[in-house]
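Taking it in order: structure first as structure tokens, then the write-up.
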């Protein structure tokens, strides 16, 4: 009797959960954020399912370590749950906002590491970024492949000196003055390369979308 | 007023800022400039998707199952250890606080009207302005704006859930200038209560359009709703 009740109860919970997942699958990210703010665990789960892969991938790219990537992803999502990170529609989509928040945490983590060597003139920037694996060397299941591949193609199409400064800044967390010191180039040159690179990415994105 | 050649000089700074590559000492200067420069703010908004593209370009790795379990367990644990009062949760987010504020306002106004009186006296005056649906509006859409002082609350019914990847966005028009206000979606019943915290006293009208997720900086579709104000 008790077993039947438990079994039926569990079945009911499972059916309810599956039904709710189906309902949430069509909900816009912005609405999910409203539900998450109301402490809706189903919406939070859906938010992770939609963006957890992108978040983990970016964290791994920046930190180069599975465990630290997992830690930063956990911290970022917990911060969202506690409403400590506020969604700003002005920064674009929920995904972009979430990835920007995660990137800030990851960069903060590496900036505060005592073991992180200060960049110095003459250091090979390629070696600096090589410490942070691209992920291509990791045995993984690749998803969202087309989107990321298209965007990688756009980045790969940049002149090397432009993609280099963008990657050092975004994935390495270095300032333009640190990058200039590393490259032995004037600060103005580094900033100009950043600008040209971003403008080319933006223009290429517009072409792809048109 | 900033001259054109100054914008060229600032654009290098804006690009570094978009990549979070400005040293801390240089950030306040640029942020101060951005506050007063529409052109550079627009340039930063234009660059943002490029920054996001860098983030999304990384090879996608399947996260371990334990990470999902840990993330969800953290939320459960946070609820047990430190349940936050609803008021403080809503108050810490402008995007989420506005619907909460709107709901509170709507309840207050409704209670006042049911009670047979209108909110006046020491607080700001309140008036209700009817909305005008356009041909782009879904059938059955009804809306009005409860205006209180400089701000207002747009209340809508009969609004279908937007398609995936789309949202509704409210705008405030002042002459030729159209400013984004609030991104929103209705609830399951097709109702939405949207707070408009903008300075409405000099506004000509409030509009609503359908926009891509995240909202837009300028309307990309025809308005489905107008709430015209009679300028005093």
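Residue numbers (the numbering used here), protein chains in the order written: chain A, 74 to 283; chain B, 780 to 1011.
Even glycine gets a Cβ: it sits at the ideal position worked out from N, Cα and C.
It should be emphasised that the depicted structure is a prediction, and the values quoted were computed from it without experimental measurement.
#1: Which value, in whole angstroms, describes the spacing of the CA atoms of residue 983/B and residue 1001/B?
#2: Closer than 8 Å is the cut-off here; do at least three beta carbon pairs connect the segment 249-259 of chain A with the segment 814-834 of chain B?
#3: The segment 262-278 of chain A: which residues have C-beta closer than 7 Å to a C-beta of chain B, in chain order?
#4: Express the C-alpha separation of residue 233/A and residue 224/A in angstroms, rounding to a whole number.
#5: Assess contact between the segment 963-975 of chain B and the segment 931-941 of chain B, defined as three or more Cβ pairs (one per stretch) separated by less than 8 Å. Is contact present?
#6: Relative to the C-alpha of residue 265/A, which candidate in 255/A, 113/A, 238/A has its C-alpha closest?
#7: I want to see whether chain A comes within less than 7 Å of residue 809/B, judged by CB atoms only; does it?
#8: Which full runs of the beta strand (DSSP E) of 3+ residues lie inside the segment 947-989 of chain B, going along the chain?
#9: For the segment 836-848 of chain B against the segment 809-818 of chain B, are there 3 or more C-beta pairs whose distance is under 8 Å?
#10: Using a Cβ-Cβ cutoff of less than 8 Å, which residues in the same chain neighbour residue 946/B once the five nearest sequence positions on both sides are dropped?
#11: List, in order along the chain, the chain B residues whose C-beta lies closer than 7 Å to that of residue 235/A?
#12: In this structure, what does DSSP give as the bridge partners for residue 931/B?
#13: Cβ atoms of residue 952/B and residue 981/B: under 7 Å apart, would you say?
#14: Which residues share a DSSP beta bridge with residue 909/B?
#15: State the beta-bridge partners of residue 1013/B as determined by DSSP.
#16: Tell whether a beta-carbon distance below 7 Å holds between residue 798/B and residue 160/A.
#17: Taking 7 Å as the cut-off, decide whether the C-beta atoms of residue 132/A and residue 179/A are in contact.
#18: Can you find a CB in chain A that lies within less than 7 Å of the CB of residue 952/B?
#19: Here's the rule: buried if 16 or more other CB atoms are within 10 angstroms of the residue's CB, otherwise exposed. What is residue 226/A?
#20: Could you give the residue range of the beta strand (DSSP E) that holds residue 1007/B?
#21: Using only alpha-carbon positions, find the residue among 790/B, 811/B, 833/B, 807/B that is nearest to residue 278/A.
#22: Could you have a look at residue 126/A and say whether DSSP puts it in helix, strand or coil?
#23: Are the C-beta of residue 178/A and some C-beta of chain B separated by less than 7 Å?
#24: Residues of chain B with CB under 8 Å from residue 165/A, in chain order?
#25: First and last residue of the alpha helix (DSSP H) that includes residue 1064/B?
#26: To the nearest angstrom, how far is the alpha carbon of residue 98/A from that of residue 267/A?
#27: With distances taken Cα to Cα, identify the nearest neighbour of residue 253/A among 905/B, 807/B, 824/B, 800/B.
#28: List the residues of chain B whose Cβ lies closer than 7 Å to the Cβ of residue 225/A, in chain order.
#29: What residue range does the alpha helix (DSSP H) around residue 168/A cover?
#30: Going by DSSP, which residues form a beta bridge with residue 936/B?
#31: Does any CB atom of chain B fall closer than 7 Å to the CB of residue 209/A?
Here's the rundown:
#1: 17 Å
#2: no
#3: 264, 265, 267, 268, 271, 274, 275, 278
#4: 16 Å
#5: yes
#6: 238/A
#7: no
#8: 956-963, 971-975
#9: no
#10: 962, 963, 964, 989, 990, 991, 992, 993, 994
#11: Per Cβ cutoff of 7 Å: no residues; residue 235/A is ~11 Å from chain B at best.
#12: 926/B, 975/B
#13: no
#14: 923/B
#15: There is simply no residue 1013/B to check, as chain B begins at 780 and stops at 1011 in what is shown.
#16: no
#17: yes
#18: no
#19: exposed
#20: 1004-1007
#21: 833/B
#22: helix
#23: no
#24: 827, 828, 831, 993
#25: What is shown of chain B runs 780 to 1011, which leaves residue 1064/B out entirely.
#26: 38 Å
#27: 800/B
#28: 836
#29: 167-184
#30: 921/B
#31: Below a pLDDT of 50, predicted positions are generally treated as unreliable, and residue 209/A, at 37, falls in that range; no measurement from the model is reported.
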